[in-house]
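Novice: Sequence positions in the sequence shown follow the working numbering and run 152 to 365.
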Amino acid sequence: MFVTRFPRRARAAATLAGAAALAAFTLTACGEDEGAAEPTSEPTSETSAPAADAPNASDVAFAQGMIPHHQQALDMAELAADRAADPEVRALAEEISAAQGPEIATLTGWLEEWGAEPAPDDNHSGHGGGHEEHQGMSGMMSEDQRAALAAAEGPAFDALFLDLMIEHHEGAVAMAENQLAEGAHPDALELAEAIVADQRAEIDRMAELLLAED
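(1) With distances taken Cα to Cα, identify the nearest neighbour of A236 among A345, F213 and A303.
(2) Under three-state DSSP, which class holds M292?
(3) Suppose you measure from the CA of I218 to the CA of E239; what does that come to, to the nearest Å?
(4) Go through its chain and collect everything with a Cβ distance to R312's Cβ below 7 angstroms, but skip five positions before and after it.
(5) Helix, strand or coil: how does DSSP classify G252 here?
(6) Going by DSSP, what residue range makes up the alpha helix (DSSP H) through D204?
(7) So, helix, strand or coil for D210, using DSSP?
(8) Do you know how far the Cα of M291 is from the Cα of N207?
(9) Once DSSP output is grouped into helix, strand and coil, what is the label at L178?
(10) Between which two residues does the alpha helix (DSSP H) containing E321 stretch?
(11) For L340 versus E254, is the C-beta distance shorter than 8 angstroms?
(12) Looking at C-alpha atoms only, which residue of Q222, E294 and E359 is the closest neighbour of T259?
(13) What is the rounded straight-line gap between the Cα of E284 and the Cα of V324?
(14) Per DSSP, what kind of secondary structure is E193 in: helix, strand or coil?
(15) Which of the three DSSP states is assigned to G260 in this structure?
(16) Assign H336 to one of three DSSP states: helix, strand, or coil.
(17) Could you check if A363 is buried or exposed, using at least 16 other CB atoms within 10 Å of its CB as the buried criterion?
(18) Which of the three DSSP states, helix, strand or coil, is assigned to A236?
(19) L362 by DSSP, collapsed to three states: which one?
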């Protein structure tokens with residue numbers, strides 16, 4: 152606050168002037184306080200607005216669905232290690248494991264970060280036991296298909312593995328394309344783009360191997 156000091160010899164004369172200055176200062180301060188109080192409502196609207204990259208329902212569903220979908224691909228690839236006859240089929244299975252394992256970790260981390268429910272823990276069936284809605288639509292294996300693949304060996308395994316994995320990849324591509332159409336989170340959209348590109352390329356590669364098997 153601005154305070155004016157006066158020489159002692161002029162103290163009496165300054166008393167009235169000081170009172171007037173104090174009154175004027177009080178009125179000015181009140182006016183400034185009233186003016187400063189006006190914009191207080193604006194920051195409230197900013198803090199209540201959702202973040203631009205906040206996940207929406209599609210982002211959460213994409214992560215929750217893709218985790219078990221990838222996990223089944225890992226299970227299939229693991230069978231190829233000691234059942235496949237074609238070295239190219241075994242190499243493809245290893246590449247699938249190397250790519251989709253880290254993606255599972257990424258998707259799981261997102262769900263934790265978003266405070267969303269974790270993906271169903273279902274490593275023993277093609278989304279059976281309450282998750283039948285994913286079968287067919289997403290290319291998940293049925294229990295019978297899983298049993299048939301586990302029982303096959305050599306060239307018979309290679310042919311069945313390629314056939315089932317092509318269908319499985321097509322399901323993943325469909326899920327990723329749905330995410331691209333309806334998702335909002337930038338990282339989830341980026342991963343969906345990568346899944347579409349990578350798995351389409353692998354579908355073409357598997358189709359060629361399948362023709363060679365014939």
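Where a beta carbon is used, it is the ideal one built from N, C-alpha and C, also for glycine. Predicted, not measured: the structure shown is a model, and the values here were computed from it.
Specialist: In this structure, then:
(1) It is A303.
(2) In this structure, DSSP gives M292 a state outside helix and strand, which the three-state scheme calls coil.
(3) About 26 angstroms.
(4) The sequence shown places Phe at residue 312, not Arg. Once the five neighbours on either side are set aside, the close Cβ partners of F312 are M227, A231, A235, V240 and L300.
(5) It is helical.
(6) Here D204 belongs to no alpha helix (DSSP H), and DSSP marks it neither H nor E.
(7) Judged by DSSP in its simplified three-state form, D210 adopts helix.
(8) Roughly 25 angstroms separates the two Cα atoms.
(9) Residue placement at L178 cannot be trusted, given a pLDDT of 43 that sits under 50; the coordinates are not used to answer.
(10) Unbroken alpha helix (DSSP H) run through E321: G305 to E333.
(11) At a Cβ-Cβ threshold of 8 angstroms, L340 and E254 do not count as neighbours.
(12) Ranking Q222, E294 and E359 by Cα distance to T259 puts Q222 first.
(13) Because E284 carries a pLDDT of 45, less than 50, the predicted location of this residue cannot be relied on, and no value is offered for it.
(14) Bear in mind that the predicted position of E193 carries a pLDDT of just 48, short of 50, making it unreliable; the figure below should be weighed with that in mind. E193: helix per DSSP, three-state reduction.
(15) If DSSP states are grouped into helix, strand and coil, G260 belongs with the helices.
(16) Coil, per DSSP.
(17) With a 10 Å radius around the Cβ and a threshold of 16 neighbouring Cβ atoms, A363 comes out exposed.
(18) In this structure, A236 counts as coil in the three-state DSSP scheme.
(19) Looking at L362 - three-state DSSP - the assignment turns out to be helix.
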